[in-house]
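Here's the structure we're looking at; comments come further down.
In our numbering, the protein residues as written are 70 to 262.
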């Protein structure tokens, strides 16, 4: 396969992805309530996406209509410096939202490159073991799994996220407020990521 072949596949795929992304814009269970709780605590919410800008321009308003709207978002192709695992998208969120200390930022991701992004940016990094890429299942598939399969997939995902350097690994975003409380306690003791 040549570079031209890859470019041709990408050119054919991109319009399909743009057309279909809205069909998959329903937030994961618990996300809207968790984000509201974090905002009530005064936290700002940024997003670093692996999607390119044309996809995000369709996805962001669709997700907002369903209750999820970050304060700022960056698409993978927005910055000349590049995307993950480099720190640039996370740091652009810091700059735009006016955070003055990256040690007070938490990068949450469901894949190893996003964990690396947070570490490279000097942030606490939290992995999502069940509600994401590393677990590798839709909500419907998850509901049909045995407890043993869920445990096996959770362990495999958590191992990958910890191996990437995650400070914490939780099942879903709904578990994040307890992690934030622990991070705040560690910061109060002078700890840094």
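Ideal placement from N, C-alpha and C gives every residue a C-beta, glycine not left out. Note that this is a predicted model, so its numbers are computed, not measured.
{"Check": "Pull up the CB-CB distance for residue 144 and residue 130, whole angstroms please, since I reckon it's below 8 angstroms.", "Outcome": "Residue 144 to residue 130, Cβ: 14 angstroms. No contact."}
{"Check": "How is residue 176 classed by DSSP in three states: helix, strand or coil?", "Outcome": "strand"}
{"Check": "Distance check for residue 215 and residue 187, CA to CA, integer angstroms please.", "Outcome": "33 angstroms"}
{"Check": "Does the structure place the segment 242-249 close enough to the segment 105-116 that three or more beta carbon pairs sit under 8 angstroms?", "Outcome": "yes"}
{"Check": "Tell me whether residue 185 sits in a helix, a strand or coil according to DSSP, three-state version.", "Outcome": "helix"}
{"Check": "Sort 257, 261 and 185 by Cα distance to residue 229 and report the nearest one.", "Outcome": "185"}
{"Check": "Measure from the alpha carbon of residue 98 to the alpha carbon of each residue in 257, 200 and 142, then state which is nearest.", "Outcome": "200"}
{"Check": "Report yes if the C-beta distance between residue 175 and residue 235 is below 8 angstroms; otherwise report no.", "Outcome": "no"}
{"Check": "First and last residue of the beta strand (DSSP E) that includes residue 197?", "Outcome": "193-197"}
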